[in-house]
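For reference, the structure is listed below as structure tokens.
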Amino acid sequence: MNERTPEPAQPRTPTAVCSRCGTTAGGLPVTWTCSVENGTRLYFCDTCARDHLRSIESRLDSAWW
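In our numbering, the protein residues as written are 129 to 193.
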């Protein structure tokens, strides 16, 4: 018999999307910030995180920024 074995699935690199500006990045860059708001995990790019650092440190929800 000539059976073909299926190719192993290639792991997909997840795409991270900034919850503030919509910037995308392959994988999750170490310079991005993660926040959990109302049980939802949100990611913010390094630019947005720098722009709103005081709000993040004050633990304000991103809706207040």
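Even glycine gets a Cβ: it sits at the ideal position worked out from N, Cα and C.
No experiment lies behind these values; they were computed from the predicted model shown.
Residue i versus residue j: straight-line alpha-carbon distance, rounded
i	j	result
Thr159	Val145	13 Å
Asp179	Glu165	19 Å
Leu156	Glu131	39 Å
Ser147	Phe172	6 Å
Thr143	Cys149	15 Å
Ala206	Thr133	It is not possible to answer for residue 206, since the shown part of the chain is limited to 129 through 193.
Ile198	Glu135	A question about residue 198 goes unanswered here, because the residues of the chain that appear run from 129 up to 193.
CB contact below 8 Å: residue i versus chain B
i	result
Cys176	As a matter of chain content, chain B is missing from the structure shown, which is built from one protein chain.
Sub-8 Å separation of residue i and residue j beta-carbons
i	j	result
Cys162	Arg169	yes
Residue i in three-state terms, based on DSSP
i	result
Cys146	coil
Cys162	strand
Arg182	helix
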